[in-house]
């Protein structure tokens, strides 16, 4: 465990704890952003440049913003949440948490990967990722690409069709205003 | 010139003890970038005000120093010594952090742009991805600024900024993906290396590149909240948007971040489409490469000032309409044009195939966008 | 088509930009403290008091009639009469102001004082660089500061001043003629009286020997 890993892990954990502990929900979202940044840094520290930047782009640039929009669209965004923040049945929550941790730890410890002392030299450059995406994983990639393009084109088509109704509405309002 | 700069850095590094060499080497790369672009920022504010003045038939600042050249110094001093007012109900920590955090990504964005042969602070494999990843965090920080101010104008400005940035990030990235596709690399150094030779090898000299360049410039203007896309800080509507509750040096930081963001986008546009630091003609290669880079940079910044002096601010629905109904379909078609260009041999045939494709879709999308919008002379019923 | 308007606008601003360096039509700025636009004749700002001749307090046209003080809507004029009278331009004895103050921080430049003054004594000034660093001093102007010569008035409002000068000259002439006629009448009267007296004495003298 290197020094930089300790710092990054500390930041990530602080963010995670903050995301759970803050009463103001926007603060929690911001702390979640810190956690996402920490995870991205962790990837970068492991040499996965593409993954790290993609994590940053997707999670900070998109997911956090999406969560913020969701938060702002809900009603109760006041500065304090009244009453007890922590559920009365926290004991069962701790139980669930511990059991999940035990399951994961058991699974990880049982993996054969751990027996290898040194990880084999992985080629995780952008070029290698691109090549494997375009050769081994070309079908999933194409499916995802098709799905996303269809979604985008659909969004554009919906936006295009909206024009006529919008303009007529504006025109109607304008006429009303003139009267 | 580049060799000289690199030699100077090497000599300084030689003098340092070994354990200091790594941090010192990066420091020597970072410091010039920050100081040069901060200096350009100061100069740009003056040039912009002079240019806008001339466009609007007036003189612009001319009181501080000869022809007003010391105006940025005066502005900076004013900003530093102004009282720092924090609203009583503001979220103090988030309010304090937002301007500081906003400067960091804009500064970081400069670190992957190549300014000359071997003059690139960090040559990342995924340089352009880094650029966009860093740029994407600006939205969150702008939201922090707007939300923590506890001000309706600030909040509205932040929401407008987020909506605008998210919408325009799509055409921005899509138009640069075509370049990535054609260059076959995410590294900005490689993308510049593809465009060696004369200006006919630059990406802007191809049909898809030209359209992509225009799309990129428009999206870059919107990303950096500049006129005519400055609705997040529309003075006449919502005071200063997310910057409403900031004063003094924090406001100056927002201002700095905004300009630096624009500069970074300009640098990326040069790298992607305008051949980076390469000379337009091979016989001009004796001119130091950074001079070419900064020459192109100056031209683009002047273009941005010119646009700011010309175009009025868009309405929110017009802004969104432009992004979703025109720029995103257009950038998707640029993809197809790029692919056609690649497989049609990059010659005359490719021109013949690509040009009508792009021109036709431009005309179609343009008329579809402006359909139903009657442009007529405004009649003033009470003012006349 | 999309974009044509943008190009048109850009061409216009480019024309403005380039033109501002060559064509004065595109650069209408007057750099104010150094360069000035000549003031228009009907320009007005705050009132001042006109005096004739050289000596301000001697030639002051104001007769302290206080009409302007009463008419002033924001009541920025304050006048106190002097006990001593002084002859006016036609030689008639008139009152004069002991105190004549105008608070120009209150004055609203309505020109009513000028309209109501029967003596053409108060007129509107064109001086506009009146800024002060203090809120109280300097903005209350007394009669010594207010008094400005008729020559100055001719300089700032030539047409009006010429009309008033002509009217006053006619007044002076009329007054002189009146005075002359009066003097003549008086002289005649005197002569008549003298003659009567003489006749009377003559008659008396004539009577005396008879008696």
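Chains as they are written, first to last, in the working numbering: chain A, 4 to 182; chain B, 4 to 387; chain C, -13 to 197. The C-beta atom is built at its ideal place from N, Cα and C for all residues, glycine as well.
**Study point:** Extent of the continuous alpha helix (DSSP H) to which residue 108 of chain B belongs
**Key:** 95 to 111
Point to revise | Span separating the alpha-carbon of residue 173 of chain A from that of residue 320 of chain B | key: Only weak support exists for where residue 173 of chain A lies, its pLDDT of 46 falling under 50; the value from the coordinates is given anyway. In a straight line, the C-alpha of residue 173 of chain A is about 12 Å away from that of residue 320 of chain B.
Check your understanding: Does any C-beta atom of chain D lie closer than 7 Å to the C-beta of residue -13 of chain C?
Key -> The question asks about chain D, but that chain is absent: this structure's protein chains are A, B and C.
**Study point:** Own chain residues within Cβ distance below 7 Å of residue 16 of chain B, not counting five before or after
**Key:** 24, 27 and 28
Point to revise | Assigned secondary structure, residue 102 of chain A (DSSP; H/G/I helix, E/B strand, else coil) | key: Residue state, collapsed to three classes: helix.
Point to revise | Contact belief for residue 101 of chain B with residue 140 of chain B at Cβ below 8 Å, rounded distance in angstroms | key: So it is not a contact: roughly 12 Å between Cβ atoms.
**Study point:** the region 32 to 52 of chain C contacting the region 79 to 95 of chain C, beta-carbon criterion three pairs below 8 Å
**Key:** yes
Practice item. Measure the C-alpha to C-alpha separation of residue 80 of chain B and residue 252 of chain B and round it to an integer number of angstroms. Key: 9 Å
Check your understanding: Taking all protein chains shown into account, do 16 or more other C-beta atoms lie within 10 angstroms of the C-beta of residue 295 of chain B, making it buried, or fewer, making it exposed?
Key -> buried
Practice item. Closer than 6 Å by C-beta to residue 60 of chain C: which residues in its own chain qualify, once you throw out the five before and the five after it? Chain order, please. Key: A distance below 6 Å between beta-carbons, with the five flanking residues on each side excluded, links residue 60 of chain C to the following residues of its chain, in chain order: 92 and 94.
Exercise for review: Reducing DSSP to helix, strand and coil, say where residue 68 of chain C ends up.
Suggested key: strand
Practice item. Report the rounded CA-to-CA distance for residue 84 of chain C versus residue 23 of chain C, giving the unit in angstroms. Key: 38 Å
Practice item. Run down chain B in chain order and give the residues with a C-beta less than 8 Å from the C-beta of residue 163 of chain A. Key: Counting only Cβ-Cβ distances below 8 Å, residue 163 of chain A has contacts in chain B at 328 and 371, in chain order.
Exercise for review: Put residue 174 of chain A into one of helix, strand or coil per three-state DSSP.
Suggested key: Summary for residue 174 of chain A: the model assigns pLDDT 44, below 50, so the residue's position carries little reliability; its value from the coordinates is reported in the next sentence. Helix at residue 174 of chain A.
Review point. Is it the case that the Cβ atoms of residue 31 of chain A and residue 19 of chain A are separated by a distance below 7 Å?
Key: Contact: no.
Check your understanding: Does the region 259 to 266 of chain B come close enough to the region 163 to 173 of chain B to have 3 or more Cβ pairs within less than 8 Å?
Key -> no
Exercise for review: Only counting runs of 4 or more residues, tell me where the alpha helix (DSSP H) segments fall wholly within the region 28 to 88 of chain B, in order along the chain.
Suggested key: 74 to 84
Check your understanding: Would the beta-carbon of residue 115 of chain B fall within 7 Å of that of residue 133 of chain B?
Key -> Here residue 115 of chain B is near residue 133 of chain B, since their CB atoms are less than 7 Å apart.
Review point. Does DSSP classify residue 212 of chain B as helix, strand or coil?
Key: helix
Review point. Where do the ends of the beta strand (DSSP E) carrying residue 135 of chain C lie?
Key: Under the DSSP assignment, residue 135 of chain C falls in the beta strand (DSSP E) whose first and last residues are 133 to 135.
Check your understanding: Residue range of the beta strand (DSSP E) that residue 293 of chain B falls in?
Key -> Taken as a continuous stretch (DSSP letters only), residue 293 of chain B belongs to no beta strand (DSSP E), being part of the alpha helix (DSSP H) at 292 to 313.
**Study point:** Segment limits, alpha helix (DSSP H) that includes residue 36 of chain C
**Key:** No alpha helix (DSSP H) holds residue 36 of chain C; the beta strand (DSSP E) holding it covers 33 to 37.
Exercise for review: Helix, strand or coil for residue 27 of chain A, going by three-state DSSP, please let me know.
Suggested key: coil
Review point. Is residue 10 of chain B near residue 120 of chain B, with beta carbons less than 7 Å apart?
Key: no
**Study point:** Listed by chain order, chain C residues near residue 312 of chain B by CB distance under 7 Å
**Key:** -1
Exercise for review: Could you tell me the distance, in whole angstroms, from the CA atom of residue 28 of chain C to the CA atom of residue 143 of chain C?
Suggested key: 7 Å
Point to revise | Backbone CA spacing between residue 278 of chain B and residue 53 of chain B [nearest angstrom] | key: 29 Å
Exercise for review: Would you verify that the beta carbon of residue 13 of chain C is, or is not, closer than 7 Å to some beta carbon of chain B?
Suggested key: With 7 Å as the cut-off, residue 13 of chain C counts as an interface residue toward chain B.
Point to revise | Cα-Cα separation, residue 11 of chain C to residue 372 of chain B | key: 38 Å
Practice item. Quick one: give me the first and last residue of the beta strand (DSSP E) that residue 94 of chain C is part of. Key: Here residue 94 of chain C belongs to no beta strand (DSSP E), and DSSP marks it neither H nor E.
Check your understanding: Under 7 Å between C-beta atoms, does residue 331 of chain B make it to chain A?
Key -> yes
Review point. For the candidate residues A:93, A:69, A:102 and A:58, whose alpha-carbon lies nearest to that of residue 166 of chain B?
Key: The shortest C-alpha separation from residue 166 of chain B is found at A:69.
Exercise for review: Quick one: list the residues of chain B neighbouring residue 57 of chain A, beta-carbon separation under 9 Å, in chain order.
Suggested key: Going along chain B in sequence order, the residues near residue 57 of chain A (Cβ under 9 Å) are 129, 132 and 136.
Review point. DSSP three-state call for residue 79 of chain C: helix, strand or coil?
Key: strand
Practice item. Go ahead and label residue 128 of chain C buried or exposed: buried means 16 or more other beta carbons lie within 10 angstroms of its beta carbon, across all protein chains shown. Key: exposed
Review point. Can you tell me where the beta strand (DSSP E) with residue 56 of chain C in it begins and where it stops?
Key: Premise fails: residue 56 of chain C lies in the alpha helix (DSSP H), 53 to 57, not in any beta strand (DSSP E).
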